[in-house]
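Colleague:
2 protein chains.
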Amino acid sequence: MPRARTTFHELTVGQVAERSGVAISALHFYERKGLIRSTRTTSNQRRYSRDTLRRVAFIRTSQNVGIPLAAIKQALDQLPSERTPTREDWTRLSKGWRVILDARIAQLHALRDTLDDCIGCGCLSLRACHLRNPRDVLGRDGAGARRLPPPSERQEAQSPNGSWE
Amino acid sequence: MPRARTTFHELTVGQVAERSGVAISALHFYERKGLIRSTRTTSNQRRYSRDTLRRVAFIRTSQNVGIPLAAIKQALDQLPSERTPTREDWTRLSKGWRVILDARIAQLHALRDTLDDCIGCGCLSLRACHLRNPRDVLGRDGAGARRLPPPSERQEAQSPNGSWE
DNA sequence: ACTTGACCTCAACCAAAGTTGAGGCCAGAG
DNA sequence: CTCTGGCCTCAACTTTGGTTGAGGTCAAGT
Chain A
1 MPRARTTFHE
11 LTVGQVAERS
21 GVAISALHFY
31 ERKGLIRSTR
41 TTSNQRRYSR
51 DTLRRVAFIR
61 TSQNVGIPLA
71 AIKQALDQLP
81 SERTPTREDW
91 TRLSKGWRVI
101 LDARIAQLHA
111 LRDTLDDCIG
121 CGCLSLRACH
131 LRNPRDVLGR
141 DGAGARRLPP
151 PSERQEAQSP
161 NGSWE
Chain B
1001 MPRARTTFHE
1011 LTVGQVAERS
1021 GVAISALHFY
1031 ERKGLIRSTR
1041 TTSNQRRYSR
1051 DTLRRVAFIR
1061 TSQNVGIPLA
1071 AIKQALDQLP
1081 SERTPTREDW
1091 TRLSKGWRVI
1101 LDARIAQLHA
1111 LRDTLDDCIG
1121 CGCLSLRACH
1131 LRNPRDVLGR
1141 DGAGARRLPP
1151 PSERQEAQSP
1161 NGSWE
């Protein structure tokens, strides 16, 4: 059985897939979308540096919170491209993410704490109810649905730092 | 300008759309999927009872938390179909939802609190890290990706009560 | 009577996030 | 040397959650 040879710091796509729990096809996809990068061997096989595992972990956990790949990409684009990211690089990135996570958490708390009330209270003016519009994030941009993704994507997609479109 | 006539307890699709902030096309879609129901006038127009506003609010807020429509439908299917749901019906439903919200919140907390650590700690064994697998929900079902939706859908899609899908 | 706005259906299209399959290359074990 | 497992590309397909548009009905206001 032919084993792919890799140097200590290089991983094959199969290894990344196994260690990250992500399908190879998804890794190819992420690469096409620019979320991860690889070098190629002389025979055109991908080789990943180990920090790719972190990138992938970051991608999956962020998706878990409902953040679309395009936004995740923008965050990852802040990492240095021509050197291996340092702990500080990652920490800076994750600080930004904390803001988003905090916002999500707050939103969920509001939701949870209001659900019973709102259901029970008889208020039919759901437009005003902060269950529907938990943090008044929306509220501008009059009635209309010109191709907005469902709320999860839409929610803080342009939120705290305003940097992601 | 022809104004649609409605009795006190009936709403047109346009009214529901406006009051709920959801596009008419989305309401049609939800109806096709069985998440909401309508009666028809003699001229085949939809009329919604007022509790539809709650159903729609419930749908949108649940989507916001990343729950797929199919699962939301299963929850809504627990409401009585041949009478207007009472406060108690809704409260029972929302109690079930709390469990899910609580799980999500816990997951987010774990994520948030671990992110810096995990990034900084130098642990490369990301498979073991609970950032990647926050509540050990996954972990069975060996390597493989046979058409799984992204983690958000997958996460507690069969979680606390085990009832959905 | 006629027009206008709100509604109807149905089919086609869209985007995101991948998966699947066909066809082909390459390297190491037997 | 050949076979096999792992990798490659590219195109097509999938699901979810809708939107858009064409073509048609109906009822109220003028």
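Here the protein sequences come in this chain order: A and B.
For what it's worth, the working numbering labels the leading residue of the first sequence as 1, then goes sequentially.
For what it's worth, the working numbering labels the leading residue of the second sequence as 1001, then goes sequentially.
Backbone N, C-alpha and C fix where the C-beta goes; we use that ideal spot for every residue, glycine too.
1) For L11/A, does the three-state DSSP call read helix, strand or coil?
2) Along the chain, where does the alpha helix (DSSP H) that runs through S25/A open and close?
3) Can you name, in chain order, every residue of its own chain whose Cβ lies under 7 Å from the Cβ of I59/A, other than the five neighbours on each side?
4) Comparing alpha-carbon positions, which option in K33/A, N44/A and R32/A lies nearest T12/A?
5) Which one of Y48/A, R112/A and A26/A has the shortest CA to CA distance from Q15/A?
6) Assuming contact is defined by CB atoms lying nearer than 8 Å, are Q1074/B and L1093/B in contact in what I supplied?
7) Is R1112/B near I67/A, with beta carbons less than 8 Å apart?
8) So for V16/A, helix, strand or coil by DSSP?
9) Would the beta-carbon of R98/A be found less than 7 Å away from any heavy atom of the ligand MN?
10) Considering only C-alpha positions, which residue in the set T52/A, K33/A and V99/A is nearest to R19/A?
11) My output table needs one value for S94/A: the three-state DSSP class, helix, strand or coil.
12) Mind listing the chain B neighbours of L108/A? Cutoff is C-beta to C-beta under 8 Å, in chain order.
13) Taking the straight line between their C-alpha atoms, what separation do you get for G96/A and L76/A?
14) Can you list, in chain order, the residues of its chain with a C-beta nearer than 8 Å to that of T84/A? Leave out the 5 residues immediately preceding and following it.
15) Where does T1061/B land, buried or exposed, given buried means 16+ other C-beta within 10 angstroms?
16) Closer than 7 Å by C-beta to H9/A: which residues in its own chain qualify, once you throw out the five before and the five after it? Chain order, please.
17) When the Cα of G21/A is compared with those of R40/A, R32/A, V56/A and H28/A, which residue comes out closest?
18) Evaluate I1100/B with the Cβ neighbour count: other Cβ atoms within 10 Å of its Cβ, from every protein chain shown; 16 or more gives buried, anything less gives exposed.
19) Rounded C-beta distance between R46/A and R40/A? I'm assuming under 8 Å.
20) Excluding the five sequence neighbours on either side, which residues of its own chain have a C-beta within less than 7 Å of the C-beta of D1089/B, listed in chain order?
21) Starting from the C-beta of S1038/B, find all residues in its chain whose C-beta is less than 7 Å away, skip the five residues before and the five after it, and write them out in chain order.
22) Mark G1122/B as exposed unless 16 or more other C-beta atoms lie within 10 angstroms of its C-beta, in which case mark it buried.
23) Whole-angstrom Cβ separation of L108/A and L1108/B, contact assumed at under 8 Å?
24) With a threshold of 7 Å on Cβ separation, who are the neighbours of K33/A within its own chain once the five nearest residues in sequence on each side are excluded?
25) So the beta strand (DSSP E) S1081/B belongs to, where does it begin and stop?
Modeller: A quick look at the data gives this:
1) It is a strand residue.
2) That run of the alpha helix (DSSP H) goes I24 to R32.
3) Closer than 7 Å at the Cβ level, and outside the excluded window around I59/A, lie Y30, L35 and I72.
4) Proximity to T12/A across K33/A, N44/A and R32/A peaks at N44/A, based on C-alpha coordinates.
5) For Q15/A, the nearest C-alpha among the options comes from Y48/A.
6) For Q1074/B and L1093/B, no; Cβs fall outside 8 Å.
7) The answer is no: Cβ separation not under 8 Å.
8) For V16/A, the secondary structure class from DSSP, reduced to helix, strand or coil, is helix.
9) Ligands displayed in this structure: none; no statement on the ligand MN is therefore possible.
10) In this structure, T52/A is the residue among T52/A, K33/A and V99/A with its C-alpha nearest to the C-alpha of R19/A.
11) Here S94/A sits in helix by DSSP.
12) Within chain B, the residues near L108/A are V1065, L1101, R1104, I1105 and L1108.
13) Separation of G96/A and L76/A (C-alpha to C-alpha, rounded to the nearest whole angstrom) is 11 Å.
14) Only S49 and D51 meet the Cβ criterion.
15) Residue environment for T1061/B: buried (at least 16 other C-beta atoms within 10 angstroms of its C-beta).
16) Taking H9/A as the centre and dropping the five residues before and after it, the same chain places the C-beta of S49 and R50 closer than 7 Å to its C-beta, in chain order.
17) Selected option, being the one with the closest Cα: V56/A.
18) Burial call: buried.
19) Their Cβ separation, rounded to whole angstroms, is 6 Å, which keeps R46/A and R40/A in contact under 8 Å.
20) If we look at D1089/B and ignore the five residues flanking it on each side, its Cβ neighbours are L1079 and P1080.
21) Around S1038/B: E1031, R1046, R1047 and Y1048.
22) Because the pLDDT of G1122/B is 48, which lies under 50, any placement of that residue in the model is unreliable, and the number read from its coordinates should be weighed accordingly. Exposed is the call here.
23) That pair is a contact at about 7 Å.
24) Hits under 7 Å: L69 and K73.
25) That residue, S1081/B, is in no beta strand (DSSP E); it is neither H nor E in DSSP.
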